[in-house]
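Right, one structure below, let's go through it.
Number of protein chains: 2
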Amino acid sequence: MTFSEATISRLPLYLRELLQIQRHGEQRVQSGVLAKRLGLNASQVRRDLSGFGSMGQRGVGYEVRGLIQTIQQVLGSDRSWNVILVGVGNLGRALSGYRGFAQQGFRLVGAFDIDPSKIGEKLGSLTVLPLSDLEEFVRAEGVELAMIAVPAGVVTEVTERLEMAGVTGILNFAPVMVRRSASPVTVVNVDLAIELQRLAFLVLQSRDDSES
Amino acid sequence: MTFSEATISRLPLYLRELLQIQRHGEQRVQSGVLAKRLGLNASQVRRDLSGFGSMGQRGVGYEVRGLIQTIQQVLGSDRSWNVILVGVGNLGRALSGYRGFAQQGFRLVGAFDIDPSKIGEKLGSLTVLPLSDLEEFVRAEGVELAMIAVPAGVVTEVTERLEMAGVTGILNFAPVMVRRSASPVTVVNVDLAIELQRLAFLVLQSRDDSES
DNA sequence: TAGATTGTTAATCGATTAACAATC
DNA sequence: TAGATTGTTAATCGATTAACAATC
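Protein chains in written order, with this note's numbering: chain A, 1 to 212; chain B, 213 to 424.
If you want it as structure tokens, here you go:
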């Protein structure tokens, strides 16, 4: 069971739509329906899904429940992940309250900050801990993933400490690319300003198109 | 001056690195340096940048200042955009305080919520306005872009209202895909849970790799 | 001139799509 | 059986990369 880069990036999208379809009470879905909802081509959807082996029935479609289970298994959201948050600013707070995470098996088990005024503060059911507790906590709780929402200047330091402590994946929201030298840590960078920039560019482009 | 999809998605990344390089005091940069910083191939960088016409000097490199200006122009971040925020929950608050926006020409000029308890609240220098003021505000202030951070259930309604009011671009942070029928509005969807899912998958994959 | 690096071509690689036989 | 939809092939399209002549 191996998938292309492009297919992998679409699996979470399929999963989201399928969960929605399931909530709607549908038991089956066709490639054409999924394609339309996601703005893709039906052939593309069938090709993506065929990576799972035979999941569909010709003339009928795909069983929603089965597809969901399989995709969740591939993505690792059939199991639970212990996640910590480093940096309890505005963005960190937003992340800690984000509903979507828990639904996909991500359990926020700890939150850290360096600012003494924030230590001890409540974040839902969590208490903000000092950054100095980071390493011990990661080991004791078996933390695998970390979200970092700290100022750009301290990203490198925090990343290194997480790495040393044994975290295996980092979701970085600071506007600097985390470079991992030759370490075994996987990093995904999310830059909100870049998304806004992409939007602005697309808007300009669609204006040009409609003029010509 | 026309760019491929793939190149466009990299332009904001080039811009970010170039700004960093400039802050460092460097006046010139080579394709190989940019490539390394962004994890790309040097040929790819040269090919991307060659879309601007001749910006580099053989044997020397590219002038940082000139590249920055050109990319900003292409992306539309050489001018200023009026942006509003709809939905002042945790995420909305985080977005309103995000430093990166202003730096790239995005001016947050208004914030809206439907919850009466939030109306009148201060958000930096802004005051949260009731959703009922949306249309008038958009027209009066010449708002072009909107960020929406509202519950999934009201995304469609909010989107339609923004569309009718004349907004041309929407950055959607709610975990539902905004579908634009045949409207002229450009939408970019950002789903934070999906990024965490991608991370988890990549972590699983790197474990498999290192085992085999 | 000698060394360095661009700009661009041609080759390769990967992803999308149309089409249709297989089959429910 | 007739209608529908999958799974898969082959064709197309687009993006990446190596290589090197052009030129600073």
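Where a beta carbon is used, it is the ideal one built from N, C-alpha and C, also for glycine.
Beta-carbon neighbours of residue i, restricted to chain A and to distances below 7 Å
i       : result
L373(B) : Note that residue 373(B) corresponds to Arg in the displayed sequence, not to Leu. Correct list: empty, because the minimum Cβ distance to chain A is about 18 Å.
L261(B) : The contacting residues do not exist; L261(B) stays about 16 Å from chain A at best.
Chain B contact residues for residue i, given Cβ-Cβ distances below 9 Å
i       : result
E144(A) : A412 and V415
Y62(A)  : Near Y62(A) there are no residues of chain B at all, since even the closest Cβ is about 19 Å away, more than 9 Å.
L75(A)  : Q409, R410, A412, F413 and L416
V188(A) : E407, L408, R410, L411 and L414
Partners in chain A for residue i, counting only beta-carbon separations shorter than 8 Å
i       : result
R305(B) : N90, R93 and A94
G381(B) : L199, A200, L202 and V203
L346(B) : What L346(B) touches in chain A: nothing, since even the nearest Cβ is about 19 Å away.
Length of the line joining the Cα atoms of residue i and residue j
i       : j       : result
I183(B) : L231(B) : In this structure chain B extends from 213 to 424, so residue 183(B) is not present and cannot be described.
R65(A)  : P224(B) : 39 Å
V203(A) : L196(A) : 11 Å
L261(B) : L287(B) : 14 Å
E63(A)  : L341(B) : 45 Å
V362(B) : S255(B) : 42 Å
E333(B) : N384(B) : 23 Å
A152(A) : A174(A) : 6 Å
A140(A) : G301(B) : 33 Å
Y98(A)  : L131(A) : 22 Å
I296(B) : T168(A) : 37 Å
E375(B) : A323(B) : 17 Å
V397(B) : L357(B) : 10 Å
A193(A) : G59(A)  : 45 Å
V155(A) : N294(B) : 30 Å
L303(B) : G100(A) : 13 Å
L134(A) : V158(A) : 10 Å
R259(B) : T7(A)   : 26 Å
Q285(B) : L252(B) : 23 Å
D325(B) : T70(A)  : 39 Å
M213(B) : R198(A) : 17 Å
G378(B) : E160(A) : 46 Å
Q417(B) : A200(A) : 34 Å
V143(A) : G51(A)  : 31 Å
Listed by chain order, chain A residues near residue i by CB distance under 9 Å
i       : result
G309(B) : G89, N90 and L91
L297(B) : The contacting residues do not exist; L297(B) stays about 11 Å from chain A at best.
L246(B) : By Cβ distance, chain A contributes nothing, its closest Cβ being about 12 Å from L246(B), past 9 Å.
Own chain residues within Cβ distance below 6 Å of residue i, not counting five before or after
i       : result
Q30(A)  : G61
S289(B) : Q316 and G317
D115(A) : none
G268(B) : Y274
M359(B) : L297, L307 and L383
7 Å Cβ cut-off: residues of chain B touching residue i
i      : result
L40(A) : Simply none; closest approach about 11 Å.
L67(A) : Neighbours of L67(A) on chain B: none; closest Cβ ~16 Å, over 7 Å.
Sequence-distant residues of the same chain with beta carbon closer than 7 Å to residue i, five excluded per side
i       : result
L34(A)  : Y14, E17 and V45
G244(B) : A254
L250(B) : L225 and E229
V187(A) : I170, N172, V178 and R180
I21(A)  : V29 and V64
Cβ shell of residue i (< 8 Å), same chain only, five flanking positions each side left out
i       : result
R305(B) : L335
Q239(B) : E275, V276 and R277
R291(B) : G317
V402(B) : L383, N384 and F385
S308(B) : L297, V300, L320, A323, L335, G336 and L338
R235(B) : none
Just to confirm the assignment: which complete alpha helix (DSSP H) runs, minimum length 4, are found wholly within the segment 124 to 153 of chain A? Residue ranges of uninterrupted alpha helix (DSSP H) with 4 or more members, entirely inside the segment 124 to 153 of chain A and ordered along the chain, are 134 to 141.
Curious, which full-length beta strand (DSSP E) runs of at least 3 residues does the segment 50 to 132 of chain A contain? DSSP assignment within the segment 50 to 132 of chain A yields the following whole beta strand (DSSP E) runs of 3 residues or more, N-terminal first: 61 to 63, 81 to 86, 106 to 113 and 126 to 130.
Residues of the segment 216 to 240 of chain B with Cβ closer than 9 Å to any Cβ of chain A, in chain order: Flagged, chain order: I220, S221, L223, P224, L225, L227, R228, E229 and Q232.
Near-chain B residues of the segment 100 to 132 of chain A (beta-carbon distance less than 7 Å), N- to C-terminal order: Within the segment 100 to 132 of chain A, the residues whose Cβ lies closer than 7 Å to some Cβ of chain B are G100, F101, Q104 and F106, listed in chain order.
Starting from the N-terminal side, write out each stretch of the beta strand (DSSP E) that is 3 residues or longer and does not extend beyond the segment 160 to 202 of chain A. Within the segment 160 to 202 of chain A, the complete beta strand (DSSP E) segments of 3 residues or longer fall at 169 to 172 and 186 to 189, listed in chain order.
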